[in-house]
Amino acid sequence: MSNTYDVIVVGSRCAGSPTAMLLARKGYRVLLVDRATFPSDTISTHVVHPLAVSALRRWGLADALAATGCPPIATYAFHFGKFVLAGTPGTADEPIAYCPRRIILDKLLLDAAAAAGAEIREGFVVEEIVVEDGRVVGIKGRSKQGTRVTERAAVVVGADGRNSIVANAVAPQKYNEQPALLAPYYLYCSGLPMAGRYETYMLRNRGLAVAPTHDGLTIVIVAWPYAEFAANKHDLESSALAVIDLAPEFAERFRAAKRETRVFGMPTPNYFRKPYGPGWTLVGDAGYIRDPITAQGIRDAFRDAEACALALDQSFGGASSYENAMSNYQRSRDASVLSMYEYTCKFATLQAPSPEMRQLFKAMRGNQQAMDDFARMNAGTVSPAEFLAQHNVSAIMAAASAGNHR
Ligand SMILES: Cc1cc2nc3c(=O)[nH]c(=O)nc-3n(C[C@H](O)[C@H](O)[C@H](O)COP(=O)(O)OP(=O)(O)OC[C@H]3O[C@@H](n4cnc5c(N)ncnc54)[C@H](O)[C@@H]3O)c2cc1C
387 MSNTYDVIVV GSRCAGSPTA MLLARKGYRV LLVDRATFPS DTISTHVVHP LAVSALRRWG
447 LADALAATGC PPIATYAFHF GKFVLAGTPG TADEPIAYCP RRIILDKLLL DAAAAAGAEI
507 REGFVVEEIV VEDGRVVGIK GRSKQGTRVT ERAAVVVGAD GRNSIVANAV APQKYNEQPA
567 LLAPYYLYCS GLPMAGRYET YMLRNRGLAV APTHDGLTIV IVAWPYAEFA ANKHDLESSA
627 LAVIDLAPEF AERFRAAKRE TRVFGMPTPN YFRKPYGPGW TLVGDAGYIR DPITAQGIRD
687 AFRDAEACAL ALDQSFGGAS SYENAMSNYQ RSRDASVLSM YEYTCKFATL QAPSPEMRQL
747 FKAMRGNQQA MDDFARMNAG TVSPAEFLAQ HNVSAIMAAA SAGNHR
């Protein structure tokens with residue numbers, strides 16, 4: 387039986403919609419399905435670092451995001467109690483981050499996929515991945531109207547998140563696995579001005595971060611170690627407020643604001659999956675998932691979308707074999723995220739920094755270049771391996787000893 391589509395993409399959020407959009411722009415026949423109907427929210431905070439904004443700009447969507455009224459974030463500020471390290475997270479070309487509500491960002495991405503010519507089916511539940519002779523050849527699913535259909539494609543893309551039905555069907559190799567490390571939660575307030583800053587409070591055994599989002603709202607993110615997940619899950623409210631109280635200067639601003647929502651959230655596992663095989667590939671959380679403490683998921687999803695769409699185009703167009711193109715996709719993904727993955731898993735333990743790191747934090751005070759670079763590392767603009775390289779750390783320490791930046 388012939389394929390109706392070149393590609394079927396399962397899941398239409400940060401990974402799926404851009405993958406579908408980029409392939410449709412190249413002229414491929416793309417079907418994009420999601421069981422949700424959009425606009426649709428999801429359990430996720432939504433800091434979008436400058437490199438992700440760069441991807442939106444390459445795709446012609448950055449101005450559309452800015453036009454939604456999402457407040458720009460120019461500064462990442464890390465509060466250490468007695469001092470603050472504040473720097474710019476991006477580059478000269480792309481200095482700004484955003485924290486758009488997923489209800490707005492995901493719809494914008496889906497509309498861009500539709501505008502590119504992808505066929506969209508919302509409210510469509512994929513119930514089975516069709517495999518013939520060891521190769522994925524399509525999907526079986528139920529439409530919004532309840533009709534059961536089978537659709538066939540040369541490649542099925544699993545952009546269907548952490549519980550990916552595509553990954554479950556093909557059982558790819560998992561590697562670099564670490565258990566869930568953190569229990570992250572969030573709530574929204576109004577009347578909590580942020581002046582274009584994303585604030586992180588470095589607390590003992592707890593996480594706290596705050597960012598401005600759409601409609602005059604501010605998102606307040608709290609976290610505790612996963613070891614306390616079970617003990618705290620029945621009283622998220624008091625557990626969240628107790629974290630906020632650990633940062634008295636922020637707690638005062640929080641109490642003067644208006645609380646708008648309850649507390650949401652869930653822990654995240656940490657692992658990589660081999661992201662391709664015969665007739666299937668994975669993008670976004672379906673293929674690589676990491677703790678949200680460094681807010682890399684959306685940027686990672688965008689990078690996968692570009693790299694996977696490129697690899698599929700090379701393979702369909704005959705520029706490369708499927709195996710070569712897709713193994714390059716896997717290699718480039720793993721190489722670009724590994725340093726940040728290790729940093730993220732370490733940060734997510736919420737353990738006190740080592741004496742060396744404490745010295746480094748102190749040495750950065752007043753050194754704007756070092757504070758900018760620290761903000762860029764936490765944004766993923768420069769890799770932790772680069773920022774924490776011995777020569778860079780030594781230069782920061784030497785500048786502090788010489789009193790160059792006080
Ligand atoms: C608490 C928390 C906070 C976070 N904070 C941030 C942050 O600040 N910044 C950041 O960059 N990242 C953050 N992340 C991570 C980010 O949310 C994810 O990395 C990102 O959403 C992954 O996008 P995705 O498109 O791969 O998958 P998802 O967003 O999970 O989308 C998958 C889609 O697939 C659809 N789907 C699944 N199964 C089926 C099926 N059988 N049939 C049809 N459709 C299906 C779902 O309906 C869904 O719409 C956070 C995550 C959590 C849990």
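Numbered as in this note's numbering, the sequence shown ends at 792 without a single skipped number.
Don't be surprised by glycine CBs; every beta carbon is placed ideally from N, CA and C.
**Message:** Checking 7 Å against the spacing of the C-beta atoms, do A729 and F658 come in under that value?
**Reply:** Reading off the sequence, residue 729 comes out as Tyr, not Ala. Taking 7 Å as the Cβ cut-off, Y729 and F658 do not qualify as a contacting pair.
**Prompt:** In whole angstroms, what separates the C-alpha of A613 from that of L724?
**Reply:** 25 Å
**Request:** Thinking A448 and V439 are a contact (beta carbons under 8 Å), I'd like their distance in whole angstroms, please.
**Result:** 6 Å
**Prompt:** Mind checking if G673 is an interface residue toward chain B, Cβ cutoff 7 Å exclusive?
**Reply:** Within the model displayed, chain B is absent; a lone protein chain is all it includes.
**Request:** Compare the Cα-Cα distances from D720 to each of N753, E742, D699, D686 and report the closest residue.
**Result:** D686
**Neighbourhood of A804 by C-beta, 6 Å cutoff - its chain only, sequence neighbours within 5 removed** = The chain is shown only over 387 to 792; residue 804 falls outside these bounds and no answer can be derived.
**Message:** Does the stretch 572-582 come into contact with the stretch 599-606, if we say contact requires no fewer than three beta-carbon pairs (one atom in each stretch) closer than 8 Å?
**Reply:** yes
**Request:** May I ask you to verify whether the stretch 391-408 touches the stretch 543-554, counting CB pairs closer than 8 Å and requiring at least 3?
**Result:** yes
**Prompt:** I think V434 touches I684, with their Cβ atoms under 8 Å apart; what is that distance to the nearest whole Å?
**Reply:** 5 Å
**Prompt:** Apart from the five residues on each side of it in sequence, which residues of its chain come closer than 6 Å, Cβ to Cβ, to S701?
**Reply:** Y708, A711
**Asked** According to DSSP, which residues form a beta bridge with K619?
**Response** According to DSSP, K619 bridges with nothing at all.
**Message:** Determine whether the beta carbon atoms of P570 and G651 lie at a separation below 7 Å.
**Reply:** yes
**Prompt:** Does the stretch 551-561 come close enough to the stretch 423-432 to have 3 or more Cβ pairs within less than 8 Å?
**Reply:** no
**Prompt:** How close, in whole Å, do the beta carbons of P611 and L736 come, if the pair is a contact with beta carbons under 8 Å?
**Reply:** 6 Å
**Prompt:** According to DSSP, what are the bridge partners of L471?
**Reply:** F464
**Asked** Does at least one heavy atom of ligand 1 sit under 6 Å from the Cβ of S430?
**Response** yes
**Message:** Going by DSSP in three states, C398 sits in which element: helix, strand or coil?
**Reply:** Just to set this straight, residue 398 is Ser in the shown sequence, not Cys. Coil, per DSSP.
**Request:** Please confirm whether any heavy atom of ligand 1 lies closer than 6 Å to the CB of D449.
**Result:** no
**Every unbroken alpha helix (DSSP H) inside the stretch 631-660 [4 residues or more]** = 634-642
**Secondary structure, alpha helix (DSSP H): runs of 4+ residues fully inside the stretch 650-727** = 683-703
**Prompt:** Around the Cβ of V762, are there at least 16 other Cβ atoms within 10 angstroms (buried) or fewer (exposed)?
**Reply:** Per the sequence presented here, residue 762 reads as Arg, with Val not at that position. When all chains shown are included, R762 counts as buried.
**Item:** E537 and I394 closer than 7 Å at C-beta
**Value:** yes
**Message:** Taking 6 Å as the cut-off, is the beta-carbon of A616 closer than that to any non-hydrogen atom of ligand 2?
**Reply:** In the structure shown, ligand 2 is absent; the only ligands present are ligand 1.
**Prompt:** At a cut-off of 6 Å, is A566 close to ligand 1 when judged by its beta-carbon and the heavy atoms of the ligand?
**Reply:** no
**Neighbourhood of A460 by C-beta distance below 7 Å, restricted to the same chain and skipping five residues each side** = T474, P481, I482, G582
**Prompt:** Grouping DSSP H, G and I as helix and E and B as strand, with all else coil, what is Q559?
**Reply:** coil
**Prompt:** What is the DSSP secondary structure of S787, reduced to helix, strand or coil?
**Reply:** helix
**Prompt:** What are the residues that DSSP puts in a beta bridge with A452?
**Reply:** Partner(s): none; A452 has no beta bridge.
**Request:** Please classify V535: is it buried, with 16 or more other beta-carbons within 10 angstroms of its beta-carbon, or exposed?
**Result:** exposed
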